[in-house]
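Undergrad:
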Amino acid sequence: MSILGLKKKQPKTFKVKVITMDAEMEFSCEVKWKGKDLFDLVCRTVGLRETWFFGLRYTVKDTHAWLKLEKKVLDQEVPKDSPITFHFQAKFFPEKVEEELVQEITQHLFFLQVKKQILDEEIFCSPEASVLLASYAVQAKYGDYDPNFHKLGFLAQDELLPKSVLMQYQMTTVMWEEKITAWYAEHRGIARDEAEMEYLKIAQDLEMYGVSYFAITQNKRDTDLLLGVDAQGLHIYSPNSKLNPKKSFPWSGIRNISYSEKEFTIKPLEKKNDVFKFYSSQLRVNKLILQLCIGNHDLFMRRRKVDTIEVQQMKAQAKEEKARKKMERQILAREKQMREDAERAKEEMERRLFQLQDEARLANEALLRSEETADLLAEKAQIAEEEAKLLAHKAADAEQERQRLEVTAMKTKEEKRLMEQKMREAEQLAVKLVEQSERRLKEADHLKQDLTEAKDAERRAKQKLLEITKTTYPLIAAYSTPPAPPEPADFSCESASANQRLDFKDSDMKRLSMEIERERLEYMEKSKHLQDQLKELKSEIESLKLEEQQQQAGVYGLHGEARGYVQEPVYIPHSNRNSAYMSQMAFFEEV
């Protein structure tokens, strides 16, 4: 076995992972590749032509470094990991983004990097500018604001504002979202690349935009300072203030920058100005400062020269691309507007259709109700016709009843006339009876007076007889025995005549009393008979009155029913009653 066979076989390739602002890529590189080979591969993969702004950054011993393009990758102080990690980022920043950034991919990469630096607070931004930048970032991500789609809370998962801004004000996430959405709604119609360009145009005016800071000292014993390198030149800051430089050296005013180990010398273009020297303790940092100074100065000089043919072609293509995209956007906006108009017209037609359907449904319901109403009206008409026939029949019956009642009324009138005649006769009879009763009363009074006188005479006669009896007791005994011989002729004749007169008066009194009693009984019977007749006559008159009222009410009711209504019966009082008849009736009721 030869010595060459004992040597370990070296690999021909190595793995590389490149992290851009929005993607990660892995490549298999050859060992002999230089930094430019890897950088060109990444640019081709990304589709980037404005390569002079970017570089591959890596970390070594907590210090950032940029991959050198002219040296082999493995010969540099890159990490020994597998795969080796590089960050594809912007190394140099343009002075005016709108004029220098040609490609859309270039704008997009710058937008993502600047946005990350603002959110990580590597670039200071005021709260007002942060909200405005956030609204453009939302426009670039979500497009035009749609209140139906972008409901409250749709930005909850997005990081849009620096933490220092969120902590500076006592506002909830919802309140910040409402402020951002208010600005976001005003950016309607702005395309993604335009929103990103607006974002960069605002960001390039920030004090810390595109500045790389390094810790330096003006001499070995002085206090620390900060060196800022950007597209405008070199700036010297105090350690506590990165916003306002203490001293600035624009690239147009620098004649030369020299570097010797840890010492930098800045020679102004005007010789009357003093040379500025500063020191940096780390050699790796010094090399990085020198790289950034050379690169920014070269770009500064390049901007002030005529663009190369490649850049001119790129700008022409970008202009054509922008014009094409603008036209496409206009067409798209027009189509979108047409689609929105069509959708609105469709919605209007659907709304109108629904309205017409509702109207049709209501019309059908109304038609059904009309049919039902027509059927009901027909049924009611039929019922009304039957009721009309029935009413006509009832009217005919009522007419017949009216005629019958008229006949009955005529009969009633005749009967009434007869009854009135009977009443008059009864009144006359009552008058006669009254006269007769008065006469009889007078006669009874005379008879009573005669009776009284007869009783008085009888009483006197009896008294005289008693007196005679007391004086002539034997005579009384003789009257009680059989008749004696006719010696006392004179006395006996006298007594006989007296007895005969007494007997005559007694019989006459009895006869008179009996006649008076008989006449009284006859009078009472006649009075009772007359009272019964009067009561019967009164009841007949009342029944005739009631019947007459019922007949009149029946006639009115039948006429009212024939006309479609019922008239209430009216009581018509008899005004032709005789007051004399009423007084006579009261008199007989008292009797």
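Following the UniProt record's numbering, the numbering of the sequence shown begins with 1 at its first residue and continues without gaps.
Even for Gly, the Cβ is constructed at its ideal location relative to N, Cα and C.
Given the structure is predicted, the values throughout are model-derived calculations rather than measurements.
Let me check understanding here. Comparing Cα to Cα, which of D205, I105, W52 and L109 lies closest to S126?
TA: Here residue 126 refers to the residue found at position 126 when the sequence shown is read from its first residue. The shortest C-alpha separation from S126 is found at D205.
Undergrad: Within 10 angstroms of its Cβ, does D230 collect 16 or more other Cβ (buried), or is it exposed?
TA: For this step, residue 230 is matched to residue 230 along the sequence shown. Looking at its Cβ environment, which holds 16 or more other Cβ atoms inside 10 Å, D230 is buried.
Undergrad: Could you give the C-beta distance for K91 and E70, rounded to a whole number, given that I count them as a contact under 8 Å?
TA: In the sequence shown, residue 91 corresponds to position 91, counting from 1. In the sequence shown, residue 70 corresponds to position 70, counting from 1. Not really, about 15 Å apart at Cβ, beyond 8 Å.
Undergrad: Could you have a look at A396 and say whether DSSP puts it in helix, strand or coil?
TA: Working through the sequence shown from its first residue, we reach residue 396 at position 396. It is helical.
Undergrad: Starting from R303 and walking both ways along the alpha helix (DSSP H), at which residues does that stretch end?
TA: Here residue 303 refers to the residue found at position 303 when the sequence shown is read from its first residue. From DSSP, the alpha helix (DSSP H) with R303 extends over L283 to R303.
Undergrad: Could you pull out every residue in the same chain whose Cβ sits closer than 8 Å to the Cβ of K422, ignoring the five residues on either side in sequence?
TA: If you number the sequence shown from 1, residue 422 lands on position 422. Excluding residues within five positions, the ones whose Cβ falls inside 8 Å are L537.
Undergrad: Assuming K441 contacts I516 (C-beta within less than 8 Å), just tell me the rounded distance between them.
TA: Here residue 441 corresponds to residue number 441 of the sequence shown, with the count starting at 1. Here residue 516 corresponds to residue number 516 of the sequence shown, with the count starting at 1. Rather than Lys, the amino acid found at residue 441 in this sequence is Leu. The pair is not a contact, with the Cβ atoms about 12 Å apart (cut-off 8 Å).
Undergrad: Please confirm if the region 249-268 is in contact with the region 276-296, defined as three or more CB-CB distances below 8 Å between the two stretches.
TA: Judged by Cβ distances under 8 Å, the region 249-268 makes contact with the region 276-296, as three or more pairs qualify.
Undergrad: Rank K116, Q550, E435 and P239 by C-alpha distance to the C-alpha of Q218 and give the top, closest one.
TA: On the sequence shown, position 218 is the one that residue 218 refers to. Comparing Cα positions, the closest option is P239.
Undergrad: Please state the DSSP three-state secondary structure of C125.
TA: Taking the first residue of the sequence shown as 1, we reach residue 125 at position 125. Three-state DSSP puts C125 in coil, outside helix and strand.
Undergrad: Evaluate L234 with the Cβ neighbour count: other Cβ atoms within 10 Å of its Cβ, from every protein chain shown; 16 or more gives buried, anything less gives exposed.
TA: The sequence position of residue 234 within the sequence shown is 234, counting from 1. The residue in question, L234, is buried, as its Cβ has 16 or more Cβ neighbours within 10 Å.
Undergrad: With a cut-off of 8 Å, do at least 3 Cβ pairs link the region 529-546 to the region 409-429?
TA: Yes, they touch.
Undergrad: Given a threshold of 16 other Cβ atoms within 10 Å of its Cβ, counted over all protein chains shown, does E31 qualify as buried or as exposed?
TA: Translated into the one-based positions of the sequence shown, residue 31 becomes position 31. One detail in the question is off: residue 31 reads as Val in this sequence, not Glu. It is exposed - the Cβ of V31 has fewer than 16 other Cβ atoms within 10 Å.
Undergrad: Among N148, L161 and D120, which one has its Cα closest to the Cα of A137?
TA: Translated into positions along the sequence shown, residue 137 becomes position 137. Looking at the Cα atoms, L161 is the closest of the given residues.
Undergrad: Is N256 buried or exposed, if buried means 16 or more other CB atoms sit within 10 Å of its CB?
TA: Against the sequence shown, residue 256 aligns to sequence position 256. So N256 ends up on the exposed side.
Undergrad: What residues are listed by DSSP as bridge partners for D224?
TA: As a working note, residue 224 is residue 224 in the sequence shown. Note: D224 sits in a beta bridge opposite T217.
Undergrad: Comparing alpha-carbon positions, which option in G253, K416, S252 and Y213 lies nearest S241?
TA: Mapped onto the sequence shown, residue 241 falls at position 241. Closest option to S241, Cα to Cα, is Y213.
Undergrad: Taking the C-alpha atoms as reference points, what is the distance between K322 and R344?
TA: Walking along the sequence shown from the start, residue 322 turns up at place 322. Walking along the sequence shown from the start, residue 344 turns up at place 344. Answer to the nearest angstrom: the Cα atoms are 31 Å apart.
Undergrad: For W183, which of helix, strand or coil comes out of DSSP?
TA: By 1-based counting over the sequence shown, the position of residue 183 is 183. Three-state result, W183: helix.
Undergrad: Rounding to the nearest angstrom, what Cα-Cα distance links A392 and A398 in this structure?
TA: Start at 1 with the first residue of the sequence shown, and residue 392 comes out as number 392. Start at 1 with the first residue of the sequence shown, and residue 398 comes out as number 398. Taking the straight line joining both Cα atoms gives about 9 Å.
Undergrad: Determine the direct distance from the alpha carbon of A388 to that of L377, and round the result to whole angstroms.
TA: The residue given as residue 377 occupies position 377 in the sequence shown. The residue given as residue 388 occupies position 388 in the sequence shown. Spanning the two alpha carbons is a distance of roughly 15 Å.
Undergrad: Where does N244 fall in DSSP's three states?
TA: For the purposes of this step, residue 244 is taken as the residue at position 244 of the sequence shown. Correct three-state label for N244: coil.
Undergrad: Less than 8 Å between the C-beta atoms of G210 and F93, yes or no?
TA: One-based indexing of the sequence shown puts residue 210 at position 210. One-based indexing of the sequence shown puts residue 93 at position 93. Yes, the Cβ-Cβ distance between G210 and F93 is below 8 Å.
Undergrad: Within 10 angstroms of its Cβ, does Y169 collect 16 or more other Cβ (buried), or is it exposed?
TA: Taking the first residue of the sequence shown as 1, we reach residue 169 at position 169. Exposed.
Undergrad: Cβ-heavy atom distance between K61 and the ligand FMN below 7 Å?
TA: Inclusion of the ligand FMN in the displayed structure is not the case, the ligand content being empty and no account of it being possible.
Undergrad: Need the endpoints of the alpha helix (DSSP H) that H150 sits in, please.
TA: Translated into the one-based positions of the sequence shown, residue 150 becomes position 150. Counting along the chain, H150 falls outside any alpha helix (DSSP H), and DSSP gives it neither H nor E.
Undergrad: Please go through the same chain and pick out, in chain order, the residues whose beta-carbon is closer than 7 Å to the beta-carbon of L502, but skip the five residues on each side of it.
TA: Residue mapping note: residue 502 aligns to position 502 of the sequence shown, counting from 1. Model confidence at L502 stands at a pLDDT of 48, short of 50, so the residue's coordinates are unreliable and nothing is read from them.
Undergrad: Which residue's Cα is closest to the Cα of Y523: Q463, S437, K455 and T452?
TA: Position 523 of the sequence shown, counted from the first residue, corresponds to residue 523. Closest option to Y523, Cα to Cα, is S437.
Undergrad: With burial defined as no fewer than 16 other Cβ atoms inside 10 Å of the residue's Cβ, what is the status of F88: buried or exposed?
TA: Reading the sequence shown from its first residue, position 88 is the one you call residue 88. Buried, by the Cβ-count rule.
Undergrad: Can you find the residues in the same chain that come closer than 6 Å, C-beta to C-beta, to D146, ignoring five residues on each side of it along the sequence?
TA: Walking along the sequence shown from the start, residue 146 turns up at place 146. So the list is empty, once near-sequence residues are dropped.
Undergrad: Compute the distance between the beta-carbons of I289 and L225, then report whether it is under 8 Å.
TA: Working through the sequence shown from its first residue, we reach residue 289 at position 289. Working through the sequence shown from its first residue, we reach residue 225 at position 225. For I289 and L225, no; Cβs fall outside 8 Å.
Undergrad: Can you list, in chain order, the residues of its chain whose CB lies under 7 Å from that of G295, leaving out five sequence neighbours each side?
TA: The sequence position of residue 295 within the sequence shown is 295, counting from 1. So the list reads K91 and F92, once near-sequence residues are dropped.
Undergrad: How should M197 be labelled, buried or exposed, when 16 other C-beta atoms within 10 angstroms of its C-beta is the threshold for buried?
TA: Counting from one through the sequence shown, the residue named residue 197 turns up at place 197. By the neighbour-count rule (16 or more Cβ atoms within 10 Å), M197 is buried.
Undergrad: Can you grab the Cα-Cα spacing for the pair N244 / G47, in whole Å?
TA: Against the sequence shown, residue 244 aligns to sequence position 244. Against the sequence shown, residue 47 aligns to sequence position 47. Near 38 Å, if we compare the C-alpha coordinates of G47 and N244.
Undergrad: Rounded to whole angstroms, what is the Cα-Cα separation between S82 and K61?
TA: Position 82 of the sequence shown, counted from the start, is the residue given in the question as residue 82. Position 61 of the sequence shown, counted from the start, is the residue given in the question as residue 61. When rounded, the distance between both Cα atoms is 17 Å.
Undergrad: Per DSSP, what kind of secondary structure is A203 in: helix, strand or coil?
TA: The sequence position of residue 203 within the sequence shown is 203, counting from 1. Reduced to three states, the DSSP call for A203 is helix.
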